[in-house]
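Numbering (the working numbering), first residue to last: 83 to 301.
From the three backbone atoms N, C-alpha and C, an ideal C-beta is built for every residue, glycine too.
This structure is a prediction, so every number in the text was calculated from the model and none was measured.
This is the structure in structure tokens:
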């Protein structure tokens with residue numbers, strides 16, 4: 083990602099993202115010398131997108147997953163501060179999708195009725211959980227259990243596994259993403275298998291009644 087900062091229509095600096103630390107972060111560079119002026123962000127999370135830049139006030143708005151790799155938030159930072167600090171703009175937990183700013187760089191919730199639409203169907207809410215795989219990596223999964231309010235009671239249940247995510251997927255840093263380089267098919271399957279083993283050990287799943295499906299590369 084790159085954004086050119088102008089002064090009187092002439093580029094003087096540019097914002098750049100780099101993975102030199104193992105995670106994608108924002109840097110400020112001199113346009114003429116191309117040298118690094120300062121690193122704006124750091125940590126075990128990544129900058130997913132430079133959303134907008136307020137050049138009058140020297141503020142860059144960007145999307146990151148700092149709190150958790152499962153959440154997406156809008157942040158801002160003044161790139162001219164001697165010691166830049168980032169400010170979180172979206173406060174509620176979850177994934178926030180920002181489309182555009184107005185000229186004063188205010189933001190609004192345009193539509194939030196979808197949640198009420200979903201709730202009227204009384205769907206079973208998923209459980210977000212995490213496990214450690216055999217490599218001691220933290221893996222995240224979504225668990226949909228049968229609705230006991232509908233009279234479904236069992237000690238263990240059949241499991242239907244949807245292949246999605248984990249090692250080789252984005253937004254977890256270079257090491258996590260590149261772990262399957264030149265070795266596609268082994269580590270990803272190990273992670274899915276470890277997820278099923280976790281359910282079996284928790285007495286949630288019947289080990290002889292497990293189905294698995296996917297499509298594209300997940301198939």
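Inset, instruction - State the DSSP-derived secondary structure class of residue 128, mapped to helix, strand or coil. - result: Coil.
Legend entry - Bounding residues of the alpha helix (DSSP H) (the contiguous stretch that carries residue 230): Where residue 230 is concerned, there is no enclosing alpha helix (DSSP H), given that its DSSP letter is neither H nor E.
Legend entry - Sub-8 Å separation of residue 94 and residue 108 beta-carbons: When the beta-carbon positions are compared, residue 94 and residue 108 stay at least 8 Å from each other.
Inset, instruction - Count the CB pairs spanning the stretch 175 to 191 and the stretch 205 to 218 that are closer than 8 Å, and state whether there are at least three. - result: Not touching, per the Cβ criterion.
Legend entry - Host beta strand (DSSP E) of residue 146 (start-end): Residues 141 to 146.
Legend entry - Assigned secondary structure, residue 250 (DSSP; H/G/I helix, E/B strand, else coil): In the structure shown, residue 250 adopts coil according to DSSP, grouped into three states.
Legend entry - Buried or exposed by the 16-neighbour rule on C-beta atoms within 10 Å, applied to residue 270: Label assigned to residue 270: buried.
Legend entry - Neighbourhood of residue 117 by C-beta, 7 Å cutoff - its chain only, sequence neighbours within 5 removed: So the list reads 111, once near-sequence residues are dropped.
Inset, instruction - Starting from residue 214, follow the beta strand (DSSP E) in both directions and report where the run begins and ends. - result: Following the DSSP letters along the chain, one finds residue 214 inside the beta strand (DSSP E) bounded by residues 209 to 214.
Legend entry - As assigned by DSSP and simplified to three states, the class of residue 117: Residue 117: coil per DSSP, three-state reduction.
Inset, instruction - Measure the alpha-carbon distance for residue 143 versus residue 254 and round it to whole angstroms. - result: Residue 143 and residue 254 have their C-alpha atoms roughly 21 Å apart.
Inset, instruction - For the alpha helix (DSSP H) containing residue 153, list its first residue and its last residue. - result: Here residue 153 belongs to no alpha helix (DSSP H), and DSSP marks it neither H nor E.
Legend entry - Inter-residue Cα distance where the pair is residue 126 and residue 212: Taking the straight line from one Cα to the other gives about 17 Å.
Legend entry - Cβ neighbours of residue 187 in the same chain (closer than 6 Å, five flanking residues each side left out): The residues are 136.
Legend entry - DSSP-derived helix/strand/coil call for residue 244: Three-state DSSP puts residue 244 in a strand.
Legend entry - Candidates 139, 171 and 155, of which the one nearest residue 161 by Cα: The shortest C-alpha separation from residue 161 is found at 139.
Legend entry - residue 151 vs residue 222 beta-carbon contact at 8 Å: With contacts defined by Cβ atoms closer than 8 Å, residue 151 and residue 222 form a contacting pair.
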